[in-house]
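Worksheet: the structure to be examined is printed underneath.
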Amino acid sequence: MEKYEIHKFLEEYKQKLSDMYQALQIEEKEPKLKKLNDEIASPEFWNDQKRAQAIIVEANALRDTVLSYTTANTQYKDISDMVDLALEDTDAMMMLEESIEEFKKYMASLEEKALFTGKYDFNNCILELHPGAGGTESMDWADMLYRMYTRFCARKGFKCNVIDFQAGDEAGIKSVTLSIEGPYAYGLLKAERGVHRLVRISPFDSNARRHTSFCSCEIAPQIEETNDIVIPEEDLRIDTFCSSGPGGQGVNTTYSAVRVTHKPTGLFVACQKERSQIRNKEIAMTLLKSKLLELEIKKQEEELAKEKGEQMGINFGSQIRSYVFCPYTLVKDHRTDYEMGNITAVMDGDIEGFMLEYLKMKAGAKNE
């Protein structure tokens, strides 16, 4: 690299680091992290285990962000210190160029991290799939999306647990609820909230006609500490039923599965993951509180959108993405116009590009 190129690089990335400091809210997060670390070190910290777990999740998220920025800043300073020697020594110049390339890659990952500044973005999440009208064809589409998201989780190293699963009568699924655990799981997957549209020649149609199917995807942050969400007993209806699907006599003959309905909103959740009815009820209550939190987040987003004169378009009648298998192959996000022609890769979980493009669009709109 020439001297002027090095100085141009240093000026450009000095500004980028300054922008990242603001975007990642480091000034606010550093003292908050110190306060949480002091609380974690307290002897009474584990007296309330649910609260302690929530604090640890929050501290880990803050630490991850602060440490990422600190690492980038240190790398930049190291590169700055190498410049004078590199201008005089060929080997040192090669080392400098390698360091610059590594630093650029790290900054690219840091810029992605700046997309996740929401309060719950670092959290695990709950994902639900519900097929639209269309019978077996729509239920098969829901099953295809279920496979796509589990493949995505495997690619990211996320842990994916089935909380509730209702199989279709002939094929596919009537509904599925997943718990997805991993760093920024909610921050990423919230981009998937909405209606997904499939166009293909239906394998269930003997006349081989083209069909259009829909499936809604709901995403909610999974929250460890839910004391701030109090639900009066009279607002709940709790039903128990036998678990469906494989699992042996103990699962299918006892009323271990639980469905909890929130009467004021009509929201309901079901859990049949555990053999214990008590444990399933605990999980269902956590899921319900997560859905109520997501409902509040949606309301805030809608109010903000109204102030900006935007249309939210997240109801069942408006699709966010189309997956076309026939007469051509294309997956297109209607919010960002991001598209991929390799539909096989998409259905195998290669969907992070769609999520990041949506988050970049939202971040740009937020900064306007």
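Per the UniProt record's numbering, the very first residue in the sequence shown carries number 1; after that it's consecutive. Just so you know, even glycine gets a beta-carbon here, dropped at the ideal spot from N, CA and C.
Under DSSP, the beta strand (DSSP E) around residue i begins and ends at which residues?
i, result
"Lys119", "From DSSP, Lys119 is part of no beta strand (DSSP E); its letter is neither H nor E."
"Glu218", "210 to 221"
"Phe9", "Note, Phe9: premise wrong, no beta strand (DSSP E); alpha helix (DSSP H) at 3 to 23."
"Asp239", "236 to 241"
"Thr265", "No beta strand (DSSP E) holds Thr265; DSSP gives it neither H nor E."
"Asp169", "That residue, Asp169, is in no beta strand (DSSP E); it is neither H nor E in DSSP."
"Gly194", "194 to 201"
If you reduce the DSSP assignment to three classes, tell me which class residue i lands in.
i, result
"Ser290", "helix"
"Ile100", "helix"
"Arg275", "coil"
"Ala270", "strand"
"Val230", "coil"
"Pro43", "coil"
"Leu31", "Sequence inspection shows Pro at residue 31; the Leu mentioned does not correspond to that position. Of the three classes helix, strand and coil, the one that applies to Pro31 here is helix, per DSSP."
"Ala257", "strand"
"Asp81", "helix"
"Leu127", "strand"
"Leu330", "strand"
"Ser206", "coil"
"Leu87", "coil"
"Asp38", "helix"
"Thr177", "strand"
"Ile351", "coil"
"Lys308", "Reliability of the predicted coordinates at Lys308 is poor, the pLDDT of 48 falling under 50, and no value is obtained from them."
"Lys281", "helix"
My assumption, with CB atoms under 8 Å, is that residue i sits in contact with residue j. Please give the rounded CB distance.
i, j, result
"Ala59", "Ile40", "6 Å"
"Arg259", "Asp239", "5 Å"
"Ala191", "Tyr4", "Not quite, the Cβ-Cβ distance comes to about 40 Å (not below 8 Å), so this is no contact."
"Tyr146", "Ile180", "With 8 Å as the limit, Tyr146 and Ile180 do not qualify as a contact, their Cβ atoms being about 12 Å apart."
"Ile126", "Ser243", "So it is not a contact: roughly 19 Å between Cβ atoms."
"Leu33", "Tyr69", "Rounded, the Cβ-Cβ distance is 12 Å, inconsistent with contact."
"Glu137", "Ser256", "With a Cβ gap of about 32 Å, Glu137 and Ser256 do not count as contacting."
"Cys326", "Ile229", "About 45 Å separates the two Cβ atoms, so there is no contact after all."
"Gln222", "Asn124", "4 Å"
"Met1", "Met144", "Not confirmed; about 49 Å, so no contact."
"Leu287", "Glu112", "Going by Cβ atoms, the distance from Leu287 to Glu112 rounds to 29 Å, so no, they are not a contact pair."
"Ile351", "Tyr323", "So it is not a contact: roughly 11 Å between Cβ atoms."
"residue 372", "Asp84", "Residue 372 lies beyond the stretch modelled for the chain, which goes from 1 to 368, so this question has no answer here."
"Leu36", "Leu67", "Their Cβ separation, rounded to whole angstroms, is 14 Å, which puts Leu36 and Leu67 out of contact at 8 Å."
Could you spell out the range, first to last residue, of the alpha helix (DSSP H) harbouring residue i?
i, result
"Arg155", "136 to 156"
"Phe325", "Taken as a continuous stretch (DSSP letters only), Phe325 belongs to no alpha helix (DSSP H), as it is neither H nor E."
"Gly187", "185 to 189"
"Thr344", "343 to 347"
Could you check whether the Cβ of residue i sits closer than 7 Å to any heavy atom belonging to the ligand MG?
i, result
"Arg197", "As presented, the structure is devoid of all ligands, the ligand MG included, so that no description of it is given."
Every unbroken alpha helix (DSSP H) within the segment 47 to 72, with a cutoff of 4 residues, ordered by chain: The DSSP assignment places no complete alpha helix (DSSP H) segment of no fewer than 4 residues inside the segment 47 to 72.
Kindly confirm or deny that the segment 73 to 82 and the segment 29 to 47 touch, where touching means at least three C-beta pairs closer than 8 Å. no
Pair every Cβ in the segment 83 to 97 with every Cβ in the segment 193 to 207, then say whether three or more of these pairs are closer than 8 Å. no
Three Cβ pairs or more, each shorter than 8 Å: is that satisfied between the segment 148 to 168 and the segment 294 to 301? no
With contact counted as at least three CB pairs below 8 Å, one residue from each stretch, are the segment 117 to 135 and the segment 334 to 354 in contact? no
Inter-stretch contact at 8 Å, needing at least 3 Cβ pairs: the segment 199 to 217 / the segment 276 to 287: no
Touching or not, the segment 151 to 164 and the segment 202 to 210, by the rule of three or more beta carbon pairs under 8 Å? no
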